[in-house]
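Student:
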Amino acid sequence: KETVLFFPSSGQTCHAYCTFCFRWPQFVGMDDMKFDARECTELVAYLKNHPDVTDVLITGGDPLIMNTRSLAEYIEPLLAIGHIQNIRIGTKSVAYWPQRFVSDRDADDLMRLFEKVVKAGKNLAIMGHYSHAVELRNEIAQKAVKRIVGTGATLRMQGPLIRHINEDPKSWAELWTTGVRLGAIPYYMFVERDTGPSEYFSLPLARAHEIFQAAYQMVSGLSRTVRGPSMSAFPGKVVIDGVVTINGEKLFALQFLQARNPDWVRKPFFAKFDPDATWMDHLVPAFGKKKFFFEAEDDSHGHGRVIPLIAANRVANDCGAKSA
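One rule links them: number in the working numbering = place in the sequence shown (from 1) + 308.
1. With residue 547 as the anchor, note down where its alpha helix (DSSP H) starts and where it stops.
2. Give every residue of the same chain whose Cβ lies closer than 6 Å to the Cβ of residue 399, excluding the five residues on either side of it in the sequence, and list them in chain order.
3. Specify the secondary structure class of residue 487 as computed by DSSP and reduced to three states.
4. Quick one, are the C-beta atoms of residue 408 and residue 364 less than 8 Å apart?
5. Where in the segment 379-447 do unbroken runs of the alpha helix (DSSP H), each at least 4 residues long, occur, reported from the N-terminal end onward?
6. Give every residue of the same chain whose Cβ lies closer than 8 Å to the Cβ of residue 428, excluding the five residues on either side of it in the sequence, and list them in chain order.
7. Over what stretch of residues does the alpha helix (DSSP H) that includes residue 509 continue unbroken?
8. Where does residue 530 land, buried or exposed, given buried means 16+ other C-beta within 10 angstroms?
9. Can you have a look at residue 459 and say buried or exposed, based on whether 16 or more other CB atoms are within 10 angstroms of its CB?
10. In three-state DSSP terms, what is residue 476?
11. Let me confirm a value: residue 448 is counted as buried when at least 16 other C-beta atoms fall within 10 Å, else exposed. Which label applies?
12. Confirm the yes/no value for this check: CB of residue 593, any heavy atom of the ligand PLP, distance under 7 Å.
13. With H, G and I counted as helix, E and B as strand and the rest as coil, what does DSSP make of residue 319?
14. Can you give the beta carbon distance from residue 374 to residue 411, rounded, assuming they're within the 8 Å contact cut?
15. So residue 314 is in the alpha helix (DSSP H); what residue range does that whole segment cover?
16. Identify, in the order they occur along the chain, each residue of the same chain with its Cβ nearer than 6 Å to the Cβ of residue 391, setting aside the five sequence neighbours on each side.
17. With a CB to CB cut of under 6 Å and the five nearest residues on each side skipped, what residues in its chain are close to residue 368?
18. Inspect the beta-carbon positions of residue 560 and residue 536 and report whether they are closer than 8 Å.
19. Between residue 434 and residue 402, is the Cβ-Cβ spacing less than 8 Å?
20. Apart from the five residues just before and just after residue 488, which ones in its own chain have a Cβ nearer than 6 Å to its Cβ?
21. Can residue 481 and residue 526 be called in contact, C-beta distance under 8 Å?
22. State the Cα-Cα distance for the pair residue 342 and residue 574, rounded to the nearest angstrom.
23. Name the one or two DSSP bridge partners that residue 494 has.
24. Look at the alpha carbon of residue 542 and the alpha carbon of residue 592, and state the distance between them as a whole number of angstroms.
25. For residue 474, count neighbouring C-beta atoms within 10 Å of its own C-beta (all shown protein chains included) and say buried if the count is 16 or more, exposed if not.
Right, dumping it as structure tokens:
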């Protein structure tokens, strides 16, 4: 309930079209499935009426596909809302177009916008999507990280575990340790969602846990801020804590990191071990139970919130109406 997601209309393209991306409706012209909010006035009104909201996640697509002037039209109105503590921007640009922070025509303007947010007393978190250690090996990508953190913003590193691309624990360990050296914070390793050619990209949950555990053992405590392997499922964000044996039965140990019902958070639960399961829906409750504890509860009231979305074809007005 603490976070709202906002999808600015001008930020619904991306620096890369990843085949494994679960946000594919944003890019293929299917407006009935697309998230698209054109008016930041509605965002501001919503936030003012919901003082329990502390975080705004501006996402896409990729908001940093916008120029700085357009991005500022969405961000600056948030600075006057006292209960908003954290402004997050989800982006792939740190890996696919680090020039956005270094040498683009308005890169310096972007850094000044970041500084303005921090000076206003907000925590600005750049949620950087990295898919492989190689994305941080080049000089300009490293310079981008240093420029971002130099503004007072934080850069948190996250990305999906993808078969044929980054199923190597050494790659993850290198990514996290390099990021920490540059000032970034390892945040999440995500389980690949059931979207697109998932049979090619997905890994069994058991293997995902093995990779995470092996990578985790290779790094110091400074990199162990990372959490995973995590599934962003319908009930909430579920992490695989381990594989255990109880009363002779091999099980997955899981817990919610975020949940539709806050009472579920950090409540451990168990599922039968399945070497072939690749997603939450494939798991069966342990100990002969017919349902997981959260399936037995009527949570139709929904504790989470997503900002009301404007139809993609709605006429734009006020802030955010200008093109990138």
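Backbone N, C-alpha and C fix where the C-beta goes; we use that ideal spot for every residue, glycine too. Since the model is a prediction, treat every value here as computed from it, not as a measurement.
Tutor: On the basis of the data shown:
1. That residue, residue 547, is in no alpha helix (DSSP H); its beta strand (DSSP E) goes 544-554.
2. So the list reads 370, 372, once near-sequence residues are dropped.
3. In the displayed model, residue 487 falls within a helix according to three-state DSSP.
4. Not closer than 8 Å, so no.
5. Here the runs fully enclosed are 401-404, 407-410, 415-427.
6. For residue 428, the CB contacts under 8 Å within the same chain, skipping 5 residues up- and downstream, are 387 in chain order.
7. Bounds of the alpha helix (DSSP H) holding residue 509 are 506-509.
8. For residue 530, the number of other beta carbons within 10 angstroms of its own is below 16, and it is reported as exposed.
9. In summary, residue 459 is buried, with 16 or more beta-carbon neighbours lying within 10 Å of its beta-carbon over all protein chains present.
10. Of the three classes helix, strand and coil, the one that applies to residue 476 here is coil, per DSSP.
11. Answer is exposed; the Cβ neighbour count stays below 16.
12. Looking at this structure, you won't find the ligand PLP or any other ligand, since it has none at all.
13. DSSP places residue 319 in the helix class (H, G or I) of the three-state scheme.
14. About 17 Å; that fails the 8 Å criterion.
15. Run containing residue 314: none in the alpha helix (DSSP H); it sits in the beta strand (DSSP E), 311-314.
16. In chain order, 359 place their CB closer than 6 Å to the CB of residue 391, counting only its own chain and leaving out the 5 sequence neighbours on each side.
17. For residue 368, where only same-chain residues beyond five positions count, the Cβ hits under 6 Å are 319, 320.
18. No; because the gap between Cβ atoms is not below 8 Å, this pair is not in contact.
19. Residue 402 is positioned such that its CB atom lies closer than 8 Å to that of residue 434.
20. Setting aside the 5 residues that flank it on each side, residue 488 is surrounded in the same chain by 530, 531, each with a C-beta closer than 6 Å to its C-beta; the list follows chain order.
21. Yes.
22. Residue confidence is low: residue 342 scores 43 on pLDDT, short of 50, so the model does not pin down where it sits. Its coordinate-derived value is still stated next. The alpha-carbon of residue 342 is positioned some 32 Å away from that of residue 574.
23. Here residue 494 is bridged, per DSSP, to 465.
24. The alpha-carbon atoms of residue 542 and residue 592 are separated by roughly 16 Å.
25. Around the Cβ of residue 474, a 10 Å sphere holds 16 or more other Cβ atoms; the residue is buried.
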